[in-house]
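Number of protein chains: 2
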Amino acid sequence: MADFLTISEVARVFGIRTSAIRYYEQIGILPAPLRKSGQRRYTENVLFRLAVIQRARETGFTLYEIRKLFFGFAAGTSPPKRWRELSEQKLAELQLRMERLKTMETLLKKMRNCHCHALDECGKKLLAL
Amino acid sequence: MADFLTISEVARVFGIRTSAIRYYEQIGILPAPLRKSGQRRYTENVLFRLAVIQRARETGFTLYEIRKLFFGFAAGTSPPKRWRELSEQKLAELQLRMERLKTMETLLKKMRNCHCHALDECGKKLLAL
DNA sequence: TTGCGACTTCAAGCTACCTTTAAGTCAAAG
DNA sequence: CTTTGACTTAAAGGTAGCTTGAAGTCGCAA
Chain A
13 MADFLTISEV
23 ARVFGIRTSA
33 IRYYEQIGIL
43 PAPLRKSGQR
53 RYTENVLFRL
63 AVIQRARETG
73 FTLYEIRKLF
83 FGFAAGTSPP
93 KRWRELSEQK
103 LAELQLRMER
113 LKTMETLLKK
123 MRNCHCHALD
133 ECGKKLLAL
Chain B
13 MADFLTISEV
23 ARVFGIRTSA
33 IRYYEQIGIL
43 PAPLRKSGQR
53 RYTENVLFRL
63 AVIQRARETG
73 FTLYEIRKLF
83 FGFAAGTSPP
93 KRWRELSEQK
103 LAELQLRMER
113 LKTMETLLKK
123 MRNCHCHALD
133 ECGKKLLAL
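Below you can see the structure in the form of structure tokens.
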């Protein structure tokens, strides 16, 4: 029956628009699927891809970073090696982002407990991190 | 001497463009400074503001969220109260972001250690989170 | 055969966050 | 007085990540 999925079925699963899916294909982060009289027919593989894409997007990666990651896997230089390099790099970026989030958390906590009546007064305190 | 700062001095301190500073003023996240024959002259207060803005931006807040945060401080309802509410809310958002980052970290670590030769094969594994 | 609904493409539109450009003002130096 | 350099404005331009619109195709049902 549902051996293949139409674009709108896929879209519904992920709560995104069909136009977004076509766009992802266009910029090369989703492979072009088989066609049945012009219409895209997806296998479950697209679900795995989209799941990774969504998580990456949620954590702040751009579509172009994601593309780089995917191409890094596919490309020539013995896949697992290049792949490892790229994911190491992305992991380092994640570390940085997490540190920044923590700094911001500290900042917000200070702001929350601040009793200043003017923002600038408060800002002055904050800079004493 | 440097009792006041020109827009380009401020820009240099933060490594941003003068146009960005004017834009921040335009959308209301930087207060309009005094003018000396038309030109903006800043006090050190602007540095505190910009520091907070930069950190917030780094952690993914939009300029409009930042504006809301600032206005929340300034606005009517006994400042510290409204302020506290808003920062609580932002803190909750931060928590969520951190969780997502951690999920992504797990994902990337799995990918790094993956020996699949095809992305889809790898994706399948990943979905067993 | 006609109509319907779900798809297709291509191009233009939209929001956020700025940057760039054009044209002008100001003040201090030569 | 003219030039220089740093500023001013308003408006247009640019990029990311889509969305929307117009016009057309496909296959099935009445």
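These protein sequence lines are chains A and B, in that order.
In this text, residue positions in the first sequence follow this note's numbering: the first is 13, and each later residue adds one.
In this text, residue positions in the second sequence follow this note's numbering: the first is 13, and each later residue adds one.
Note that the Cβ used here is the ideal one computed from N, Cα and C, for glycine as well.
Since this is a predicted model, take the numbers as computed values, not measurements.
What is the DSSP secondary structure of residue i, reduced to helix, strand or coil?
| i | result |
| --- | --- |
| B:Ser96 | In the sequence as presented, Ser is not what sits at residue 96 of chain B; that position holds Arg. Reduced to three states, the DSSP call for B:Arg96 is helix. |
| A:Arg52 | strand |
| B:Arg47 | strand |
| B:Leu17 | strand |
| A:Phe26 | helix |
| B:Ile41 | coil |
| A:Thr115 | helix |
| A:Asn57 | helix |
| B:Phe83 | helix |
| B:His127 | coil |
| B:Lys121 | helix |
In whole angstroms, what separates the C-alpha of residue i from that of residue j?
| i | j | result |
| --- | --- | --- |
| A:Met13 | A:Asn57 | The predicted position of A:Met13 is uncertain, since its pLDDT is 47 and thus under 50; no value can be drawn from it. |
| B:Leu81 | B:Ser99 | 8 angstroms |
| B:Ala104 | A:Thr74 | 23 angstroms |
| A:Arg69 | A:Gly40 | 15 angstroms |
| B:Ala44 | B:Arg52 | 8 angstroms |
| A:Phe60 | A:Leu119 | 37 angstroms |
| B:Ser49 | B:Arg29 | 21 angstroms |
| A:Leu172 | B:Asn125 | Coverage of chain A is limited to positions 13 through 141, which leaves residue 172 of chain A absent and any answer about it impossible. |
| A:Leu113 | B:Ala32 | 23 angstroms |
| A:Arg47 | A:Thr18 | 10 angstroms |
| B:Tyr76 | A:Arg96 | 38 angstroms |
| A:His127 | A:Glu21 | 52 angstroms |
| B:Gly72 | B:Arg79 | 14 angstroms |
| A:Leu7 | B:Gln101 | Only positions 13 to 141 of chain A appear in this structure, which leaves residue 7 of chain A out of reach. |
| B:Arg67 | B:Lys121 | 27 angstroms |
Rounded C-beta distance between residue i and residue j? I'm assuming under 8 angstroms.
| i | j | result |
| --- | --- | --- |
| B:Tyr36 | B:Ile65 | 7 angstroms |
| A:Met110 | B:Leu106 | Not confirmed; about 11 angstroms, so no contact. |
| B:Phe16 | B:Tyr54 | 6 angstroms |
Which residues of the segment 100-117 of chain A have a Cβ closer than 7 angstroms to any Cβ of chain B? Give them in chain order.
Taking 7 angstroms as the Cβ-Cβ cut-off, the segment 100-117 of chain A approaches chain B at Glu100, Lys102, Leu103, Leu106, Arg109, Met110, Arg112, Leu113, Thr115, Met116, Glu117, given in chain order.
Selection of the segment 37-69 of chain A by Cβ proximity to chain B, strictly under 8 angstroms
Flagged, chain order: Asn57, Leu59, Phe60, Arg61, Ala63, Val64, Arg67, Ala68.
Contacting positions in the segment 70-82 of chain B - beta carbon closer than 9 angstroms to chain A:
Glu70, Thr71, Gly72, Phe73, Leu81, Phe82
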